[in-house]
Ligand SMILES: Cc1ncc(COP(=O)(O)O)c(C=O)c1O
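In the numbering used here, the protein residues as written are 43 to 414.
Dropping the structure here:
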C-alpha cells in the first residue's frame with residue numbers, strides 16, 4: 043500500500059538516537075535544549091518541546107489561562123484535537139467557516155463570531171498552507187484576544203516571508219510520523235511572548251516552580267520545589283529530541299522534495315474535468331503536508347474506494363469537527379458550516395511524502411484518471 047503520508051528515517055537519524063540511548067540522559071538532558079534551540083532557528087520564536095501536537099495545544103490553552111465559560115473560535119476542517127484540548131478546560135467551542143480554496147479559517151467569519159467571552163481565535167494551517175495570519179492578527183489585536191496557530195501541518199512554511207511560528211501569539215506543532223518531520227510522537231509550542239511560553243513550559247513540566255524568588259514556602263532546603271497551578275508531564279525525552287535534531291536538519295530537503303511532488307501532481311492533473319487541485323496563495327511558501335484534491339461529491343466515495351483497492355492508501359482530512367457526536371449536546375448540527383461541509387464532501391488526500399517516487403506518482407495519477 044502506498045500511504046497518504048509517511049516518515050523518512052535515514053542512518054543519521056538512527057545514529058543520533060543510538061547515541062542518545064548510550065548517553066547519561068534518556069530524558070530531561072541536554073538534547074532537549076538542543077532540539078528546542080534548533081526549533082527556534084526554524085520557526086523564528088523560542089520553543090518548548092512536548093510529547094505530541096495535542097499536548098502542545100493543551101499547553102497553549104493552559105498558557106492563556108483558558109477557563110470555563112471562555113470561548114475559542116476554531117475552523118471545522120481540522121483534527122478534533124484543536125477543539126478537544128480547549129473543551130477540557132471547560133471552554134465553549136465556537137466554529138467559524140473556512141475559505142474555500144485553502145480550507146483555512148475565514149477571518150471575516152472568525153471576526154463575526156467574536157463575543158465578549160472570546161479569548162482566542164485558533165487558526166489551523168490546513169495541509170501546510172498558512173492561514174491568513176495578518177488579517178487574523180489585526181482582528182485579534184482589535185478585540186484584545188489571542189491568536190493561536192495550530193501549525194501541526196506547517197512547520198517549515200512561510201507566510202509573506204515570515205516563518206510559521208513567528209506571527210501568532212502561540213504556535214503549536216506536531217511531529218507525528220505523517221507530519222513534516224517526526225520524533226515518533228512529539229510536538230512543540232512556540233511563542234513570541236516569553237511569559238506565555240514560560241506558562242506553557244510550567245504546565246508541561248508538572249506545574250513545578252523551581253525559582254526560589256517565586257517560592258511561597260520559604261523555610262525549606264535546597265531540594266525544595268512547589269506547585270502553584272496544576273500541570274502535567276508532557277516532557278519529550280532526549281531519545282526523541284535526538285531524532286528531532288537530525289530531522290530538523292533534513293526539513294528543507296523534505297520540503298523541496300514535496301514541492302516537486304506537488305508540481306508533478308499539478309502538471310499531470312491540472313485542467314482535468316472533475317478534479318480541483320490545491321493552490322498556493324500569493325506570497326506563501328508552503329511545506330506541503332497533504333495534497334488535498336477535490337472531486338465531485340457524488341463520485342468521491344467510489345474514487346476513494348477505487349484508489350484504496352489499487353493499493354493507494356488515500357485518506358480524507360477531515361470530517362468537519364463539529365459533526366463529531368460529542369458536539370451534538372451543544373446544538374451543533376450538520377449543515378451549519380456549508381463551506382466546510384462541501385470541502386469535506388469533495389476531499390481526498392493523495393499520497394504526499396518526501397520518499398514518494400516518480401513511478402508511484404505516475405501510478406496514482408493513472409488510477410485517478412481511470413476512476414474519474
Ligand atoms: C491540525 C492538527 N492539530 C493537532 C493534531 C494533533 O497532533 P498529535 O497527533 O501529534 O497529537 C493533529 C494531528 O493529526 C492535526 O492534524
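All C-beta atoms in this analysis are idealised placements derived from N, C-alpha and C, irrespective of residue type, glycine included. It should be emphasised that the depicted structure is a prediction, and the values quoted were computed from it without experimental measurement.
Please state whether the Cβ-Cβ distance between residue i and residue j is less than 7 angstroms.
i	j	result
residue 382	residue 119	yes
residue 50	residue 396	yes
residue 245	residue 101	yes
residue 206	residue 98	no
residue 374	residue 386	no
residue 123	residue 103	no
residue 159	residue 113	yes
residue 292	residue 318	no
residue 87	residue 234	yes
residue 73	residue 57	no
residue 170	residue 196	yes
residue 108	residue 137	no
residue 55	residue 288	yes
residue 398	residue 303	yes
residue 250	residue 267	yes
residue 349	residue 358	no
residue 139	residue 152	no
residue 219	residue 199	no
residue 226	residue 290	no
residue 334	residue 391	yes
residue 165	residue 181	no
residue 121	residue 286	no
residue 209	residue 175	yes
residue 241	residue 105	yes
By the three-class DSSP mapping on this structure, what secondary structure does residue i have?
i	result
residue 158	coil
residue 382	helix
residue 392	strand
residue 409	helix
residue 208	coil
residue 367	helix
residue 191	strand
residue 400	helix
residue 216	strand
residue 200	strand
Can you determine whether any heavy atom of ligand 1 sits closer than 6 angstroms to the C-beta of residue i, and answer yes or no?
i	result
residue 198	no
residue 94	yes
residue 216	yes
residue 164	no
residue 229	yes
residue 192	yes
residue 232	no
residue 124	yes
residue 369	no
residue 120	yes
Taking all protein chains shown into account, decide if residue i is buried (16 or more other Cβ within 10 angstroms of its Cβ) or exposed.
i	result
residue 125	buried
residue 347	exposed
residue 212	buried
residue 329	buried
residue 254	exposed
residue 344	exposed
residue 70	exposed
residue 43	exposed
residue 80	buried
residue 142	exposed
residue 400	exposed
residue 370	exposed
residue 184	exposed
residue 192	buried
Query - Contained beta strand (DSSP E) runs [length at least 3] in the stretch 135-189, N- to C-terminal order - result: 160-166
Report task. Could you tell me which uninterrupted beta strand (DSSP E) segments, each at least 3 residues in length, are contained entirely in the stretch 229-291, listed from first to last along the chain? Result -> 229-233
Report task. Enumerate, from N- to C-terminal direction, the unbroken beta strand (DSSP E) stretches of 3 or more residues contained entirely within the stretch 57-121. Result -> 89-92, 113-116
Query - Length at least 3, wholly inside the stretch 283-349: the beta strand (DSSP E) runs in chain order - result: 333-337
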